[in-house]
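Okay, structure first, notes after.
In my numbering, the protein residues as written are 16 to 676.
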């Protein structure tokens, strides 16, 4: 598979003045590949049953469609056009999608009215319009953070429209490509985190007998503003009623489409197992770097090599075996449901769901997804790794205690200067949701700010494969016979001190901030971390308003690792800035580096936006009293493999900064 090859029929984003593509064109949301729609598709690109190509067209800026005024062309493809529009009624920007299959229909006199080019295309055009409206109705009936939300839809001018929020995001295909280019390996915890969110959405739609039928890396998108993954492009989705046999879909992606989508084969109906196969193929692509062999060819000559053989050692056997079972070529041999896939992979034991996402009652016995996985399996969206600008002023803590202002060490002062970054975000018609801000002494407003890309990588690769595999099926280290007693009351600053004092001798961690004081609303917090050993990074903040946060790992950063001796800059390039806000006062920063991933669930943190918020006061005191780990409760427990040695080791550093008006 060509890494940057277009895969489907979604919208091609083109630069101003570019010649509109003709016919049924593939989609690429990446602006970097604008105009690539006219190129010949590779062997694994979308296959379409279509009439001869012809000229398409979009409406001019300023056109009014109902109460929506078109302000910009976002992109156009073979089946429709997406515009940026202004809702004159609610006074907000939205994305408006118009059904406009350019090979079947044309505009009359350059206006808004659409008609078929030939009567022989009418049946196909009307069937497509009906499918477009059904898709809009279906999406409007669900309310889940990993599903596209539709505000409104209607039919007019011989065609149909749907209005959605306007959002910026990056497809999984682009994320994986960037990780490969940056030398960043894909690990199991990260994949499980992506999988956890997407399977939540699939559980909801499957409960209503709706199947996506077009899952692929470019139909999964990460939304930085929401800190979530989103399932895109239900253009191939349709409702399945009773035992009705389904017809051949017109959009197929070889490698991702299971055999039952290619023809009406007796005994091979489509169902939840159809999406199971495609989702497993996405995981296969992420692990191997190419799609599995096309399912049709596997019927006659199955050349599929099981992942338990080809990827052994890099991922747990349980994880790889679950993917292999989900990729069985015959539906009856395959994992039958998303719920079963979650159980096989180990996502079935996540925390109870807090609310139902479907707007309609679910059938009895329907398995509802958990909203947030446990610490052991939580993974986060990846971002570009690397250096940020060198700090102007620094704080360097002495090992074992709180720091005082000192000059930056030569290593920090000589850190490589970054090069300008290239933006990856693209405006798409998806779900819009502002990140919930947490009111803390050091208030991090998660508003996107471009960060420079590094001249060279500054972060470490993931720990050794054995440790990565171990983290996928963790078992907590058994506590010693007599664990140290927790303090009578939980006070975060004192707890931070306990963590630093309990660190492993000789581990050596340095935390350097760019300033000693930060002006509310004007200064962004940046810092560098350096450790004497490889490990996973954790960053906690205790603010002047008594709020306790975990900033790293976040729900946008991904599992962050540090390599011995190298300097890691935070926040990571491509992440949102850490902007300070009130109230003024002292703020403590605690960083931990651990050879193993750690479980901090004893204090039962809650997700807010892209970060975790820990309780304080009486609630935290009660939870800490029942903690059975070998050290302070804020240090958590290491996640280990059964019957394997597992020392509770970590390094830590602590600094205090001032938030000022």
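The beta carbon of each residue, even a glycine, is placed where N, CA and C say it ideally should be.
Point to revise | N- and C-terminal bounds of the beta strand (DSSP E) containing residue 609 | key: Residues 600-609.
Exercise for review: Please go through the same chain and pick out, in chain order, the residues whose beta-carbon is closer than 8 Å to the beta-carbon of residue 201, but skip the five residues on each side of it.
Suggested key: Contacts found: 191, 194, 301, 302.
Review point. Where residue 424 and residue 156 are concerned, what is the direct C-alpha to C-alpha distance, given to the nearest angstrom?
Key: Bear in mind that the predicted position of residue 424 carries a pLDDT of just 32, short of 50, making it unreliable; the figure below should be weighed with that in mind. So the two alpha carbons sit approximately 57 Å from each other.
Review point. Mind checking residue 687: buried by the 16 CB within 10 Å criterion, or exposed?
Key: This structure gives no information on residue 687, because the portion of the chain shown stretches from 16 to 676.
**Study point:** N-terminal and C-terminal residue of the alpha helix (DSSP H) that residue 146 is part of
**Key:** 137-155 is the span of the alpha helix (DSSP H), which, as asked, contains residue 146.
Review point. Mapping DSSP to helix, strand and coil, what is residue 355?
Key: Here residue 355 carries a helix assignment [DSSP, helix/strand/coil].
Exercise for review: Quick one: using the 10 Å Cβ neighbour count with 16 as the cut-off for buried, is residue 324 buried or exposed?
Suggested key: Flag for residue 324 reads exposed.
Exercise for review: Pull up the distance between the alpha-carbon of residue 317 and that of residue 196, whole angstroms please.
Suggested key: Residue 317 and residue 196: Cα-Cα distance of roughly 31 Å.
Check your understanding: Between 306, 207, 577, 560, which lies nearest to residue 597 when the distance is taken from Cα to Cα?
Key -> The shortest CA-to-CA distance from residue 597 to any of 306, 207, 577, 560 is the one to 560.
Review point. At what residues does the alpha helix (DSSP H) containing residue 532 begin and finish?
Key: No alpha helix (DSSP H) contains residue 532, which is instead part of the beta strand (DSSP E) from 532-534.
Review point. What separation, rounded to the nearest whole angstrom, lies between the Cα atoms of residue 346 and residue 110?
Key: Roughly 37 Å separates the two Cα atoms.
**Study point:** residue 210, DSSP secondary structure in three states
**Key:** Residue 210 falls in the helix class under three-state DSSP.
Practice item. Could you check how far apart the C-beta atoms of residue 552 and residue 576 are, in whole angstroms? I think they sit under 8 Å. Key: Going by Cβ atoms, the distance from residue 552 to residue 576 rounds to 7 Å, so yes, they are a contact pair.
Point to revise | Counted within 10 angstroms of its Cβ, other Cβ atoms place residue 512 as buried (16 or more) or exposed | key: By the 10 Å Cβ count, residue 512 comes out buried.
Review point. How do the segment 231-244 and the segment 174-187 stand: do at least 3 beta-carbon pairs fall below 8 Å, yes or no?
Key: With the cut-off at 8 Å, the segment 231-244 and the segment 174-187 touch.
Check your understanding: Applying the criterion that 16 or more other CB atoms from any shown protein chain within 10 Å of the CB defines a buried residue, is residue 591 buried or exposed?
Key -> With a threshold of 16 other beta carbon atoms within 10 Å, residue 591 meets it and is buried.
Review point. Using the C-alpha atoms, what's the distance from residue 275 back to residue 314?
Key: Rounded to the nearest angstrom, the gap between the Cα atoms of residue 314 and residue 275 is 11 Å.
Check your understanding: Which of the three DSSP states, helix, strand or coil, is assigned to residue 6?
Key -> A query on residue 6 cannot be resolved here, the shown segment of the chain reaching from 16 to 676 and no further.
Review point. So residue 293 is in the alpha helix (DSSP H); what residue range does that whole segment cover?
Key: Unbroken alpha helix (DSSP H) run through residue 293: 287-303.
Review point. If residue 181 and residue 99 are in contact, beta carbons under 8 Å, what's the gap, nearest whole angstrom?
Key: In this structure residue 181 touches residue 99 by the C-beta definition: roughly 6 Å separates them, less than 8 Å.
Check your understanding: For residue 667, which of helix, strand or coil comes out of DSSP?
Key -> Of the three classes helix, strand and coil, the one that applies to residue 667 here is strand, per DSSP.
Exercise for review: Specify the secondary structure class of residue 312 as computed by DSSP and reduced to three states.
Suggested key: Judged by DSSP in its simplified three-state form, residue 312 adopts helix.
Practice item. Would you mind reading off the limits of the beta strand (DSSP E) that contains residue 632? Key: Taken as a continuous stretch (DSSP letters only), residue 632 belongs to no beta strand (DSSP E), being part of the alpha helix (DSSP H) at 632-640.
**Study point:** Outcome for residue 221 when other beta-carbon atoms lying within 10 angstroms are tallied against a minimum of 16
**Key:** Classification for residue 221: buried.
Exercise for review: Compute the distance between the beta-carbons of residue 231 and residue 293, then report whether it is under 8 Å.
Suggested key: Closer than 8 Å, so yes.
**Study point:** Classification of residue 76 by the beta-carbon crowding that lies within 10 angstroms, buried from 16 upward
**Key:** Exposed.
Practice item. May I ask you to verify whether the segment 576-589 touches the segment 502-510, counting CB pairs closer than 8 Å and requiring at least 3? Key: Using a Cβ-Cβ distance cut-off of 8 Å, the segment 576-589 and the segment 502-510 are not in contact, since fewer than three pairs of beta carbons, one from each stretch, lie closer than that value.
**Study point:** beta strand (DSSP E) segment containing residue 322, residue limits
**Key:** Looking at the DSSP string, residue 322 is not in any beta strand (DSSP E); the run it does join, the alpha helix (DSSP H), is 322-325.
Review point. How many Å lie between residue 515 and residue 669 at the Cα?
Key: About 7 Å.
Exercise for review: Would you be able to state if there are at least three C-beta pairs under 8 Å between the segment 201-212 and the segment 164-178?
Suggested key: Between the segment 164-178 and the segment 201-212 there are fewer than three inter-stretch CB-CB distances shorter than 8 Å, so the stretches are not counted as touching.
Review point. What's the gap between the Cα of residue 227 and the Cα of residue 214?
Key: When rounded, the distance between both Cα atoms is 12 Å.
**Study point:** Start and end residues, beta strand (DSSP E) containing residue 115
**Key:** No beta strand (DSSP E) contains residue 115, which DSSP labels as neither H nor E.
Point to revise | Whole-angstrom C-beta distance between residue 610 and residue 550, which should lie under 8 Å | key: Yes, they are in contact, since the Cβ atoms of residue 550 and residue 610 sit about 5 Å apart, within 8 Å.
Review point. Can you list, in chain order, the residues of its chain whose CB lies under 7 Å from that of residue 116, leaving out five sequence neighbours each side?
Key: For residue 116, where only same-chain residues beyond five positions count, the Cβ hits under 7 Å are 93, 94, 140, 143.
Review point. Got a sec, what are the start and stop residues for the beta strand (DSSP E) residue 170 sits in?
Key: That run of the beta strand (DSSP E) goes 167-171.
Review point. Bridge partners of residue 236, per DSSP?
Key: For residue 236, which the question treats as bridged, DSSP gives the partners 186, 245.
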